[in-house]
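**Student:**
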Amino acid sequence: MIPVMLGVVLVIFVMLSLSPGDPAVQMLGPDATPEQLEELRDDLGLNDPFLVRYVKYVWNLLHGDLGTSYTTKQPVAKEIFERFPTTLLFTTLACIVGAIVGILFGIVSAVKQYTWFDNVSRVIALIGISVPSFWLGLMFIIWFSVGLGWFPSSGFYGPKYWVLPSLTVGLVQASNVMRQTRSAMLDVVRQDYIRTARAKGQSEMKVIFSHELPNALIPIVTVLGMQFGRGMGGSIISEQVFAIPGIGMLMTNAIGNLNYPVVQGGVLVIALSFSIVNLLIDILYAFIDPRIKSLYSGKKRVRKTKNEFVREPGKESAANG
Amino acid sequence: MSLLDIKNLTIHYETDAGCVEAVNDVNLKLEKGETLGLVGETGAGKTTIALGIMRLVPDPPGVIKNGEIFFEGKDLRTLREKDMRKIRGGRISMIFQDPMTSLNPVKTVEEQITEVIRLHQKLSKAEAERKACEMLELVGINAERITDYPHQFSGGMKQRVVIAIALACNPELLIADEPTTALDVTIQAQVIEMMIKLKNDLQTSMILITHDLGVVAEMCDKVGIMYAGEIVEYGTLEDIFDGEQHHPYTVGLFGAIPNLDVETDRLTPIEGLMPDPMNLPEGCNFCPRCKYADEHCKTANPVSHEVGEGHFIKCHRFAKEG
Chain A
78 MIPVMLGVVL
88 VIFVMLSLSP
98 GDPAVQMLGP
108 DATPEQLEEL
118 RDDLGLNDPF
128 LVRYVKYVWN
138 LLHGDLGTSY
148 TTKQPVAKEI
158 FERFPTTLLF
168 TTLACIVGAI
178 VGILFGIVSA
188 VKQYTWFDNV
198 SRVIALIGIS
208 VPSFWLGLMF
218 IIWFSVGLGW
228 FPSSGFYGPK
238 YWVLPSLTVG
248 LVQASNVMRQ
258 TRSAMLDVVR
268 QDYIRTARAK
278 GQSEMKVIFS
288 HELPNALIPI
298 VTVLGMQFGR
308 GMGGSIISEQ
318 VFAIPGIGML
328 MTNAIGNLNY
338 PVVQGGVLVI
348 ALSFSIVNLL
358 IDILYAFIDP
368 RIKSLYSGKK
378 RVRKTKNEFV
388 REPGKESAAN
398 G
Chain B
27 MSLLDIKNLT
37 IHYETDAGCV
47 EAVNDVNLKL
57 EKGETLGLVG
67 ETGAGKTTIA
77 LGIMRLVPDP
87 PGVIKNGEIF
97 FEGKDLRTLR
107 EKDMRKIRGG
117 RISMIFQDPM
127 TSLNPVKTVE
137 EQITEVIRLH
147 QKLSKAEAER
157 KACEMLELVG
167 INAERITDYP
177 HQFSGGMKQR
187 VVIAIALACN
197 PELLIADEPT
207 TALDVTIQAQ
217 VIEMMIKLKN
227 DLQTSMILIT
237 HDLGVVAEMC
247 DKVGIMYAGE
257 IVEYGTLEDI
267 FDGEQHHPYT
277 VGLFGAIPNL
287 DVETDRLTPI
297 EGLMPDPMNL
307 PEGCNFCPRC
317 KYADEHCKTA
327 NPVSHEVGEG
337 HFIKCHRFAK
347 EG
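For the record, the sequence lines run as chains A and B. Counting with the working numbering, you get residues 78 to 398 for the letters of the first sequence. Counting with the working numbering, you get residues 27 to 348 for the letters of the second sequence.
1. Taking the beta carbon of Glu112 of chain A as the centre, do at least 16 other beta carbons fall within 10 Å, making it buried, or is it exposed?
2. For the alpha helix (DSSP H) that contains Ile206 of chain A, what are its first and last residues?
3. Hey, would you say the C-beta of Ser231 of chain A is under 7 Å away from at least one heavy atom of the ligand GTP?
4. Skipping 5 residues on each side, what residues in its chain have a beta carbon closer than 7 Å to that of Pro314 of chain B?
5. Between the segment 141 to 165 of chain B and chain A, which residues of the former have CB atoms less than 7 Å from a CB of the latter, in chain order?
6. Identify the contact partners of Tyr134 of chain A in chain B, using a Cβ-Cβ distance below 8 Å as the criterion.
7. Scan the segment 200 to 285 of chain A and note each continuous alpha helix (DSSP H) run of 4 residues or more that stays entirely inside, going in chain order.
8. So if DSSP puts Ala202 of chain B in a beta bridge, which residue, or which two residues, is it bridged to?
9. Quick check on DSSP: helix, strand or coil for His288 of chain A?
10. What do you get for Lys377 of chain A, buried or exposed, if any count of 16 or more other CB atoms within 10 angstroms of its CB means buried?
11. Select from the segment 118 to 142 of chain B all residues with a C-beta closer than 7 Å to any C-beta belonging to chain A, and list them in chain order.
12. Where do the ends of the alpha helix (DSSP H) carrying Val49 of chain B lie?
13. Can at least three beta-carbon pairs, one atom from the segment 96 to 110 of chain A and one from the segment 131 to 142 of chain A, be found at a separation below 8 Å?
14. Report yes or no: is there a C-beta of chain A within less than 8 Å of the C-beta of Met80 of chain B?
15. Establish whether the CB of Tyr337 of chain A and some CB of chain B are separated by less than 8 Å.
16. For Lys376 of chain A, which of helix, strand or coil comes out of DSSP?
17. Based on the DSSP secondary-structure assignment, which residues constitute the bridge partners of Ile358 of chain A?
18. So, for Cys341 of chain B: in the same chain, excluding its five sequence neighbours on each side, which residues have a beta-carbon less than 6 Å away from its beta-carbon?
19. Anything in chain A within Cβ reach of Ile191 of chain B, meaning under 8 Å, just list it in chain order.
20. Which chain A residues sit within Cβ distance under 9 Å of Arg114 of chain B?
21. Report yes if the CB atom of Ile37 of chain B is closer than 8 Å to the CB atom of Ile90 of chain B, and no otherwise.
22. Can you pull the chain B neighbours of Tyr270 of chain A, defined as C-beta to C-beta under 8 Å?
23. Do Val132 of chain B and Asp366 of chain A have their beta-carbon atoms positioned less than 8 Å apart in this structure?
24. Could you name each continuous beta strand (DSSP E) segment of 3 residues or more that falls completely within the segment 243 to 309 of chain B, going from the start of the chain to the end?
25. At 8 Å on the CB atoms, spell out the chain A contacts of His177 of chain B, in chain order.
26. Kindly indicate the opening and closing residues of the beta strand (DSSP E) around His337 of chain B.
27. Considering only their Cβ atoms, is the gap separating Gln250 of chain A from Ala171 of chain A smaller than 8 Å?
28. So what does DSSP say about Leu17 of chain B, is it helix, strand or coil?
29. Note down the Cα distance separating Thr299 of chain A from Gly309 of chain B, rounded to an integer number of angstroms.
30. Is the beta carbon of Ile157 of chain A sitting closer than 8 Å to the one on Leu327 of chain A?
31. Under the DSSP definition of a beta bridge, which residues are partnered with His38 of chain B?
32. Measure from the C-beta of Pro76 of chain A to each C-beta in chain B and report whether the shortest distance is under 8 Å.
33. Applying a beta-carbon distance threshold of less than 7 Å, which residues of chain B neighbour His288 of chain A?
34. Comparing the C-beta of Asn292 of chain A with each C-beta of chain B, is any distance below 8 Å?
35. Could you check whether Gly323 of chain A and Ser312 of chain A sit closer than 8 Å to each other, using their CB atoms as the reference points?
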């Protein structure tokens, strides 16, 4: 994870140094004298060679310092973590909507494959993944806030404000999740062990939820994790549409102002949350599928086989008896 | 009253490419405590009959076109799904062909055995677990391993687990669908020995589906020879193995077994292939491969003729004169 982080910092650094524009001009305005500009650049360390700036940044980073925002003169870390809970909440809500709607429709679609329900939900899901979320967001604003006046169109100050943004992003995610759930379930329903479960006299509901779903869970969880990670970073546009004061909003403003430390810090936090989510998903795999778990507990297994080896004669006769 | 009485069972798979006539007009009878062997080539419809009895024919594309399946006098086809579920796993249970894929990979063996016990017997969780341990010991697996997952077992052990699940509720009828095909010969022998022992101990009737005539000789009381969805010969073990009169297909099957005492360079197979079940011949299904076939066989599908008591052969050659 640490190499990933360093790589992310490097890439962002290179991209920002290659991008046109001068933060000093941006901050002082067009009336500033060349001397003032030069002084500010020196202050900000922008005149240092690229490598020196990079090493300095990483060094500060390792000490937990993300730098100071050019515009507000506040520590970047503080600015980001003030907004982090908003983005986290937004993403979580959207993911919950995506998971519930996506998994439910995916299951029903798979169980009732090629029926009208399946066909309709597949078409809707296809539309869902094709539609850009900002367009859907604007449509929702037109229908539900402007037209019907049910929900406020912007801001993020309470449950009422949460509904439209979460639905917008959540439904787009649900389309992905639904497609993945459907195909994973279709893979599983044809398996022999599902027939075994039916042959035991198990009810159809139980067969679906306790035999089929757990086996289809790995691809579903993978997609959900990716959606969540993408939500942490990629809700930039939706946050703009709904004027949600989250990290995405912070970063768009920072990019406009050439506020380098904030952009870097934002990207870093997004990359970090993405990595953490991926790690959590990987750990989750082991709980979903015991076969994956046994891959990781290799050491323990070796010890166990040794024990078995000692007792083998007794065991062997028991196994054959 | 027979334990199981199948009358005129016809099962088709209706696919886009055409209608597969998997089982055609099959009649079978099984008395209590008996073992019936169903023998035939791959694709002869053996498994479809078994799934038909369990009402587990995949639908779509499978359709039970016609026929009745009486189990202790009740027609299974007319039962409500809820009542059928009580029979499945409880009174009729099935051992599936491939042990490698028949167990749920994300559930422990314990969960999978107790599941069937708790569905059909009113036992507490602890009692069900104890019963599951007993079942595991019964099939020769150390009860300590009950908390293991299927991937921690070998193929033979998985098949034993599948058998333990099938026998957990003392079913009256056990359908074993090629229980030994996926296993190597030494494990096969162990599993068969174990099944014979369990069958005798628990007094279970059994339908054994196989293409191994050796297994049939060892285990069965009655034998049905299947060809292209039909039972072409049906009789007691003696009728089939030692009888004088046989269906030409049965003769061919036995002829294909190499004789240890005679030096043979080539095996003697039955010439030709089984007909395409989407496009069965008009007359007798076996007629394209039959050396006795005449014009009559090509046009008229024969009916079963009783050549001895309880010994039926579906061939024109055994039609009674007049």
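Beta carbons: idealized from backbone N, C-alpha and C, even for Gly.
**Tutor:** From the atom records:
1. exposed
2. 193 to 207
3. Within the structure as shown, the ligand GTP is missing, as the structure has no ligands at all.
4. Gly298, Pro301, Pro307
5. Glu141, Val142, Leu145, His146
6. None at all; the shortest Cβ gap to chain B is about 46 Å.
7. 210 to 217, 236 to 266, 269 to 276
8. B:Ile121, B:Leu234
9. helix
10. The pLDDT assigned to Lys377 of chain A is 48, lower than 50, so where the model puts this residue is not dependable, and the model offers no usable value.
11. Ser119, Met120, Phe122, Asp124, Thr127, Ser128, Leu129, Asn130, Pro131, Val132, Glu141, Val142
12. No alpha helix (DSSP H) contains Val49 of chain B, which is instead part of the beta strand (DSSP E) from 44 to 56.
13. no
14. yes
15. no
16. Here Lys376 of chain A scores only 49 on pLDDT, less than 50, and its place in the model should not be relied on; the value that follows carries that caveat. Three-state result, Lys376 of chain A: helix.
17. Answer is none; Ile358 of chain A lacks a bridge partner.
18. His273, Pro328
19. Thr273, Lys277
20. Arg275, Ala276, Lys277, Gly278, Gln279
21. yes
22. Thr127, Ser128, Leu129, Asn130, Pro131
23. yes
24. 248 to 253, 256 to 262
25. Pro367, Arg368, Ser371
26. 337 to 339
27. yes
28. Because chain B here runs from 27 to 348, residue 17 of chain B falls outside it and cannot be looked at.
29. 56 Å
30. yes
31. B:Glu47, B:Val89
32. With chain A running from 78 to 398 in the structure shown, residue 76 of chain A is simply not present.
33. Asn130
34. yes
35. yes
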